[in-house]
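Participant: If you scroll down you'll find the structure; I have some questions about it.
In UniProt numbering, the protein residues as written are 1 to 230.
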């Protein structure tokens, strides 16, 4: 039998072998053939800022060595201030961040066995920035267009568009076209009663049940009126 006191064990996840290195009078390498199953991931969905828990119940004697991976990369836990927190039952998030979204793997390493539990954490957030936002002005009317790529995990409830002259006084209020809340099915909006030959700044953002997303800012200038021919 192999002397196991003072044994250092290294698990090579991407290999079909486990290598055991003993600190005896000489190093002995023992190879155990592994078959690692990859069951379908369980999906856990939570709102940003809420708590979440990824379960990984450990059993057996002696207790296995538990490691966690996120998107295939090993997670390290050093202090009580770590986020997330590793405990005997799983991985605890006390206030999830959008960056916590990912594929998590709990690895239970036994003497001659390896168990794998796959969990997918999806953090829902306010909508992401709108894409391809453009403003196409004429003399007194501007057409604003946009695309949606990230709804944050919840349906968009409305868009908000505001604008004002670029050289406006900082204390001047932003103008809001009617309706104030643009329908979530619309991807184009017309802004009327602009001043000819004026530089404007437009801001637009999407909102879902978790709140407003980040605004996109676009500058555009209306055309100067054409003088009538003499």
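Note that the Cβ used here is the ideal one computed from N, Cα and C, for glycine as well.
When we look at the beta-carbon of residue 200 and count the other beta-carbons within 10 Å, is it buried (16 or more) or exposed?
Facilitator: By the 10 Å Cβ count, residue 200 comes out buried.
Participant: Pull up the CB-CB distance for residue 121 and residue 146, whole angstroms please, since I reckon it's below 8 angstroms.
Facilitator: At roughly 29 angstroms, the Cβ-Cβ gap does not stay under 8 angstroms, so residue 121 and residue 146 are not in contact.
Participant: Out of 85, 192, 70, 116, which has the shortest C-alpha to C-alpha gap to residue 58?
Facilitator: Nearest option by C-alpha distance: 116.
Participant: Can you tell which of 188, 225, 144, 61 has its C-alpha closest to the C-alpha of residue 196?
Facilitator: For residue 196, the nearest C-alpha among the options comes from 225.
Participant: Residue 42 bridges to which residues according to DSSP?
Facilitator: Paired residue(s): 119.
Participant: Tell me which residue opens and which closes the beta strand (DSSP E) that residue 70 is part of.
Facilitator: Per DSSP, residue 70 belongs to the beta strand (DSSP E) from 65-70.
Participant: Please check if any C-beta of chain D sits within less than 8 angstroms of the C-beta of residue 163.
Facilitator: Here chain D cannot be found, since the structure has a single protein chain.
Participant: What is the DSSP secondary structure of residue 227, counted as helix, strand or coil?
Facilitator: Three-state DSSP puts residue 227 in coil, outside helix and strand.
Participant: Could you give the first and the last residue of the continuous beta strand (DSSP E) run that contains residue 106?
Facilitator: From DSSP, the beta strand (DSSP E) with residue 106 extends over 102-109.
Participant: On the criterion of 16 or more Cβ atoms from any shown chain inside 10 Å, does residue 205 qualify as buried, or is it exposed?
Facilitator: Residue 205 should be labelled buried.
Participant: In terms of DSSP beta bridges, what is residue 90 paired with?
Facilitator: In the DSSP output, where bridge partners are listed per residue, residue 90 has 55.
Participant: Return the CA-CA distance between residue 56 and residue 110, expressed in angstroms with no decimal places.
Facilitator: One C-alpha to the other measures close to 15 angstroms.
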